[in-house]
Amino acid sequence: MRDPRYDILFEPMKIGPVTAKNRFYQVPHCNGGGYRDPSAAAEMRRMKSEGGWGVIFTEQTEMHHTSEITPFIELRLWDDADIPALAKMAKAMHEHGALAGIQLAYSGINGPNLYTKEVPRGPSALPIRTFTNDPVQARAMDKQDIRDLRRWHRNAFKRAKQAGFDLVCLYGAHGFGIIQHFLSTATNQRSDEYGGSLENRSRLMRELIEEGRDAIGHTCGLTLRLSLDEMIGELGFANSEVRDMIEMHADLPDLWDLAHGAWEDCSGPSRFKEEAAQESLVSGIKKLTSKPVVGVGRFTSPDVMVRMIKSGTLDFIGCARPSIADPFLPRKVEEGRIEDIRECIGCNICITGDMTMSISRCTQNPTFMEEWRKGWHPERMQAKGDSDSVLIVGAGPAGLEAARALGLRGYQVAIAEAGTALGGRVARECQLPGLSAWGRVRDYRQYQLSQMPNVDIYFESRLSADDILSFGFQHVAIATGSTWRRDGVARAHVVPMPIDAAMPVYTPDDLMDGKVPSGNVVLFDDDHYYMGGVLAELMARQGAKVTLVTPSAYVSDWTRNTLEQGAIHRRLAELGVDIVLNRTVTSIVSGGVVTACAYTGARQELAADAIVLVTSRNQDDAVWRELKARESEWAGNGIRSIKVIGDAEAPGPIAWATYAGHRFARELDEADIGDALPFRREVTALAAE
């Protein structure tokens, strides 16, 4: 039964000519599939419809070939040939009563056109603004270009309606859409009727919306997504001007969809952005318009959602990442199962799929983007096979997810944990600066396991190979995790680096055990994800003088894919951390380290009292290797299979571990598929000769 406190979240809400069944609004979000994997993307959206969302949107959909963002893989609506794939998605969204929305994007100065080879167009002649700094410039649009753009939008509106969408959103947020480019004085330096005053800069927006409404008639709603503040200084489209513009055009769209600044500002990770972080920027805007307002803020708490509605801040609760972590979030609120919500941890691993042009993952929800490819449902498992019992050795993210999923299948599961607490690396890492939300990976699974009478947990149970062979479990999963190396082996050193035995050397495991060095500390980061930056912050906050050395051109290089690299650099600089880029540590000597330029090899010494090596990890697989060597004894001890999973097989991000645990649980006792692909895919059809 739904708690009456949350009734307001389930009130039907009108958006122009259509009505959403509740206030849960899945704002547009990418998934790494786009035009390449349309059925996978469609089934992912269908799952959200089943999960109770009132409004579900596509990701950014390129509406014309003269503005595309290759290499990034989004949806396309370039011509009629793109309609069937989008119609399949709209149908999937409708299946359980959600409104289907499509976000149309003309990327302007964000569209390098590397595939179509068209010359980019923008309000003014400026270099293309992309993540990869493509050496391409846009030409300034003339009046004919603007007339063409308006016609292309009308065509796209008609195609969207033909595909079956109830809502069409014009994209003018995150710096990615032509509407924002015209609104911002940073990108609009025109002196004609489309430039200068706010009224002139908003002219194109007004024309596109008015003509769009004529094109789609009175059966589709038309929404506008805008940045709340560009956050780029005096030339940017600031929050005060956003408010002036909304007041000037108060009832123009059927809904105002508001999101903070650049994508990095809007979708900042939990390390830098709290839930509802955009509240101050959107507060009061509802008073400027009679049309509904949706905003975002990584909303995971129904109580916060209710506060946003009752305070008059928002009409709809916009969610992207929380809808990925738990597609069934609305249904769980409606059914009074708040404790079953799989809360987003704000790690942004989902975004890395888009940034790396690959199928996205989710740390909390390993079924994300596997709904069609593998037939995985986020809330349901198939029944168990013909065996009954499973032993899981290790209670880290892989082991916990395997136990949860196997428990749902109906197996009798035992978890043997060498320590005294659940969570493995998650339990340790969530104690580091800014990573507390990551503890939700453990907390969600710990609660779910506590509700399963067929899952038993045994602490202080470090098992030997003899123990495992003697227990009589039919299946065994070795999920014993990994340990950070202290010999420097990673990318710059594929063999151990020279280390003076007299020099204190620490690893991330040491710091997470509370052994934090003081004085003058050199941290060598050859891992390039979050750990190096987090540990530098930890030591600096405890008074150490930290020098971070990395062979990369960026601090925490891979976090460019999680949209936090800039924030990490700023945080470390503010804390006084010396950042040394493009240099590798070649050896650890008495009193410091020897470094070399990553390009020239030029050497330089750095004095230090201690060294922290953030390089790579060794899988803790000794028991697995012994068991593998004794495979001939398995059957005689009633064992059908033993498998190593997660970091114990190969260290990776936490999302890789939860996926490994879930996959183990899904595939146990299933038929051997041999050399067949373990997933479905769509293959490009050849055109007729």
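The sequence shown begins at 1 in the UniProt record's numbering and counts up one residue at a time. The beta-carbon is built from N, C-alpha and C at its ideal position, and this holds for glycine as well. If you're wondering where the values come from, they're calculated on a predicted model, not measured in any experiment.
Can Pro551 and Asp526 be called in contact, C-beta distance under 8 Å?
Walking along the sequence shown from the start, residue 551 turns up at place 551. Walking along the sequence shown from the start, residue 526 turns up at place 526. Contact flag set, yes.
Does the region 69-79 come close enough to the region 30-50 that 3 or more CB-CB pairs lie under 8 Å?
yes
Contact under 8 Å by Cβ, Thr480 with Asp340:
Position 480 of the sequence shown, counting from 1, holds the residue named residue 480. Position 340 of the sequence shown, counting from 1, holds the residue named residue 340. No, they are not a contact pair.
Looking only at its chain, what residues have a beta carbon closer than 6 Å to the beta carbon of Glu118, apart from the 5 residues adjacent to it on each side?
Numbered from its first residue, the sequence shown carries residue 118 at position 118. Closer than 6 Å at Cβ, skipping near neighbours: Thr66.
With burial defined as no fewer than 16 other Cβ atoms inside 10 Å of the residue's Cβ, what is the status of Ser450: buried or exposed?
Here residue 450 refers to the residue found at position 450 of the sequence shown. Burial call: exposed.
Which residue's Cα is closest to the Cα of Ala125: Cys362, Gly108, Asp134, Thr116?
One-based indexing of the sequence shown puts residue 125 at position 125. Cα-wise, what sits closest to Ala125 is Gly108.
Taking 8 Å as the CB-CB limit, is Asp145 close to chain C?
No chain C is part of this structure, which consists of one protein chain only.
Would you check if the distance between the CB atom of Asp214 and the CB atom of Arg23 is smaller than 8 Å?
The count along the sequence shown starts at 1 and reaches residue 214 at position 214. The count along the sequence shown starts at 1 and reaches residue 23 at position 23. Not closer than 8 Å, so no.
Compare the C-alpha of Leu222 against each of Asp257, Glu241, His569, Thr313 and name the closest.
Position 222 of the sequence shown, counted from the first residue, corresponds to residue 222. For the residues Asp257, Glu241, His569, Thr313, the minimum Cα distance to Leu222 belongs to Asp257.
Measure the alpha-carbon distance for His29 versus Asp82 and round it to whole angstroms.
For the purposes of this step, residue 29 is taken as the residue at position 29 of the sequence shown. For the purposes of this step, residue 82 is taken as the residue at position 82 of the sequence shown. So the two alpha carbons sit approximately 19 Å from each other.
Cβ-heavy atom distance, Ala186 to the ligand ADP, below 7 Å:
In the structure on display, the ligand ADP does not appear, and there are no ligands present to speak of.
Does the beta-carbon of Pro12 have 16 or more other beta-carbons within 10 angstroms, so that it is buried, or is it exposed?
Residue mapping note: residue 12 aligns to position 12 of the sequence shown, counting from 1. Pro12 is exposed by the Cβ-count criterion.
Neighbourhood of Lys374 by C-beta distance below 6 Å, restricted to the same chain and skipping five residues each side:
Sequence index remark: in the sequence shown, residue 374 carries index 374 (1-based). Counting only Cβ-Cβ distances below 6 Å, and skipping sequence neighbours, we find Phe679.
Just mark Thr219 as buried or exposed, buried being the case when its beta carbon has 16 or more other beta carbons within 10 Å.
As a first step, residue 219 must be located in the sequence shown, where it is residue number 219. Result: exposed.
What whole-angstrom Cβ distance do Gly177 and Ala105 have, given they're in contact under 8 Å?
Within the sequence shown, residue 177 is the residue found at index 177, counting from 1. Within the sequence shown, residue 105 is the residue found at index 105, counting from 1. Rounded, the Cβ-Cβ distance is 6 Å, consistent with contact.
Which partner residues of Tyr171 appear in the DSSP bridge assignment?
One-based indexing of the sequence shown puts residue 171 at position 171. According to DSSP, which records beta bridges pairwise, Tyr171 is partnered with Arg225.
Take the Cβ of Glu234 as the centre, count every other Cβ of all protein chains shown within 10 Å, and call the residue buried at 16 or more, exposed below.
As a position in the sequence shown, residue 234 is number 234, starting the count at 1. Exposed, because fewer than 16 other Cβ atoms sit within 10 Å of the Cβ of Glu234.
Coarse secondary structure for Arg139, derived from DSSP in three states
Residue 139 sits at position 139 when you count from the first residue of the sequence shown. Note: Arg139 maps to strand in three-state DSSP.
Examine the Cβ distances between the region 344-356 and the region 629-641 and report whether three or more of them are shorter than 8 Å.
no
Sheet register partners of Ile499 (DSSP bridge)
Here residue 499 corresponds to residue number 499 of the sequence shown, with the count starting at 1. The partner list for Ile499 (beta bridge, DSSP) reads Ile588.
What are the start and end residues of each continuous beta strand (DSSP E) run of 3 or more residues lying completely inside the region 491-562, in chain order?
520-525, 545-549
What's the C-alpha gap between Arg462 and Arg560?
As a working mapping, residue 462 is identified with position 462 in the sequence shown. As a working mapping, residue 560 is identified with position 560 in the sequence shown. Rounded to the nearest angstrom, the two C-alpha atoms are 38 Å apart.
In the DSSP assignment, the beta strand (DSSP E) including Phe316 goes from what residue to what residue?
Within the sequence shown, residue 316 is the residue found at index 316, counting from 1. Run containing Phe316: 316-319, per the beta strand (DSSP E) assignment.
Can you grab the Cα-Cα spacing for the pair Pro112 / Gln278, in whole Å?
Taking the sequence shown and counting its residues from 1, one reaches residue 112 at position 112. Taking the sequence shown and counting its residues from 1, one reaches residue 278 at position 278. C-alpha separation (whole angstroms): 30 Å.
Beta-carbon within less than 8 Å of residue 716's beta-carbon, same chain only, minus the 5 sequence neighbours each way: which residues are those?
There is simply no residue 716 to check, as the chain begins at 1 and stops at 689 in what is shown.
With DSSP as the reference, please indicate the residues paired to Tyr458 in a beta bridge.
Translated into the one-based positions of the sequence shown, residue 458 becomes position 458. Answer is Ala416, bridged to Tyr458.
Since Val585 and Leu535 should fall inside the 8 Å C-beta cutoff, what is the C-beta to C-beta distance between them, to a whole number of angstroms?
Taking the sequence shown and counting its residues from 1, the one referred to as residue 585 is at position 585. Taking the sequence shown and counting its residues from 1, the one referred to as residue 535 is at position 535. Their Cβ separation, rounded to whole angstroms, is 15 Å, which puts Val585 and Leu535 out of contact at 8 Å.
Phe24 lies in the beta strand (DSSP E); which residues open and close that run?
As a position in the sequence shown, residue 24 is number 24, starting the count at 1. Unbroken beta strand (DSSP E) run through Phe24: 24-26.
For Arg298, three-class secondary structure by DSSP:
What you label residue 298 is simply residue 298 of the sequence shown in a count that begins at 1. Arg298: coil per DSSP, three-state reduction.
For Ala276 and Gly299, believed in contact at Cβ under 8 Å, the rounded distance:
By one-based count along the sequence shown, residue 299 stands at place 299. By one-based count along the sequence shown, residue 276 stands at place 276. Looking at the sequence itself, residue 299 is Phe, so the reference to Gly does not match. Sure, about 7 Å apart at Cβ, within 8 Å.
Extent of the continuous alpha helix (DSSP H) run through Lys332:
By 1-based counting over the sequence shown, the position of residue 332 is 332. Its alpha helix (DSSP H) spans residues 329-334.
In the DSSP assignment, what are the bridge partners of Trp376?
Looking up residue 376 in the sequence shown gives position 376. None; Trp376 has no bridge partner.
Three-way DSSP call (helix, strand, coil) for Gln162 in this model
Taking the sequence shown and counting its residues from 1, one reaches residue 162 at position 162. Of the three classes helix, strand and coil, the one that applies to Gln162 here is helix, per DSSP.
Quick one: grab the DSSP three-state call for Phe57.
Translated into the one-based positions of the sequence shown, residue 57 becomes position 57. Three-state result, Phe57: strand.
Note down, in chain order, each residue of its chain lying with its Cβ closer than 7 Å to the Cβ of Val644, except the 5 sequence neighbours on either side.
Along the sequence shown, read from residue 1 onward, the residue named residue 644 stands at position 644. Contacts found: Ile478, Asp621, Trp624.
Say whether the region 385-401 touches the region 418-433, bearing in mind that this needs 3 or more beta-carbon pairs closer than 8 Å, one atom from each stretch.
yes
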